[in-house]
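What the sequence shown shows, in our numbering, is residues 42 to 336, in sequence order. Yeah, the Cβ is synthetic: ideal placement off N, Cα and C, and Gly gets one too. Right, one structure below, let's go through it.
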Amino acid sequence: MGLLHIVFGEAAVPVLTEAINLDEKLQGELLSFEDDLSVGPLFILDTKEGQANRRLWWQQLAAVPPPVQPELLPETMDTEAAPAVEEAPGDADRLKAMKAQLKEDPSLEIWIWAGQNARDVCGYYWLVSQLYDFAGRIHIIYLNNLPFLNEDKKVFFPTYLHQILPSEFRKAKGLARPVSLAEFELDGDEWHRMMNENAGIRMLDGGKKIKGEPTLFYDKELLAQTGKEFVKAWRVVQQVTGKLKYPVMDQFLGWRLKELVKEGKVESKGDLKTIRDFEVKLPGEDINTTNPVTE
């Protein structure tokens, strides 16, 4: 029997790779899906149009200009001479390759590892919605409210897989169980609900329950951490994430800060690229630079 381990995000790869090397019963390949589906648009993500819209959204977050469309090029320019935009393989490509593996090797089993966080749970819903044809060979290991030992041998409850010591994964393997036919149906329906809802942010609300919130959900916190004097944007983001039980990605909060700048709710100086490139403050002059009132 072949084994393919699935995680959501590169951060989990090193620890699980080491765990696989420590235990022969875990021997197998490891595949990481990279898109964080807990944030951003999901509408019709099961279509090429939906996937293209999501790629454009990620480019917006990364301050990458969108590729030039041939129809938008000047009429005098040869479209065949225009530089081609090479795209790195995305999760849709990884999924397609994984399905091909499952078809070629009937003995191959999938183990989906998920921590108690919105990214992993949203990734699970997406993946399960695509794998009904392979029921019986798809397993889930959901580390929900489970105690583990940290480096100091103290009990803690991890939120993310990368927080778990490699040696501790060995006791987690016993939790692997097949995704049931009922779960394929119900969790597949949940994924379609999430796509149709198309919330800006998806948060874990106990168990595997995902609650949608608007894109501007964290704007209030960002404004609360922005003062009357200029401070590095990354510090504002750090202050917000430090208060959250389930931290949201820095890139998303940085994008929201830039949107607040565009809306005039925050002033900035520097280049609005990454959160280390600019500073922010609330609108209005600093007390030290205010002109004296004249009679």
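Reduced DSSP category for residue i - H, G, I as helix; E, B as strand; rest coil
i           : result
residue 81  : coil
residue 166 : helix
residue 319 : strand
residue 67  : helix
residue 210 : helix
residue 307 : coil
residue 48  : strand
residue 59  : helix
residue 145 : helix
residue 102 : helix
residue 335 : Note on residue 335: pLDDT 39, under 50, position unreliable in the model; the coordinate value appears next. Coil, per DSSP.
residue 155 : strand
residue 20  : Residue numbering for the chain in the displayed model covers 42 to 336; residue 20 lies beyond these limits and cannot be assessed.
residue 90  : helix
residue 190 : strand
residue 139 : helix
Residue nearest to residue i in terms of C-alpha spacing, selected from the options
i           : options            : result
residue 310 : 271, 234, 51       : 271
residue 94  : 63, 280, 239       : 239
residue 284 : 268, 301, 259, 296 : 259
residue 136 : 72, 148, 160, 187  : 72
residue 92  : 212, 134, 298, 292 : 134
residue 46  : 189, 53, 69, 304   : 69
residue 78  : 61, 44, 165, 66    : 165
residue 248 : 276, 184, 204      : 184
residue 189 : 261, 97, 210       : 210
Cβ-based neighbour list, residue i, same chain, cut-off 7 Å, excluding 5 preceding and 5 following
i           : result
residue 158 : 200, 201, 245, 287
Close-in-space but distant-in-sequence residues of the same chain around residue i (CB under 8 Å, 5 per side omitted)
i           : result
residue 282 : 288, 289, 291, 294
residue 268 : 322, 323
Could you check whether the stretch 82 to 102 touches the stretch 43 to 58, counting it as contact only if at least three pairs of C-beta atoms, one from each stretch, sit closer than 8 Å? no
Residue ranges of each beta strand (DSSP E) run of no fewer than 3 residues wholly in the stretch 216 to 273, ordered along the chain? For the stretch 216 to 273, whole beta strand (DSSP E) runs of length 3 or above, ordered along the chain, are 242 to 245, 251 to 254.
Counting pairs of beta carbons, one from the stretch 176 to 185 and one from the stretch 219 to 227, are three or more of them closer than 8 Å? yes
Do the stretch 187 to 198 and the stretch 134 to 154 make contact, defined as three or more Cβ pairs closer than 8 Å? no
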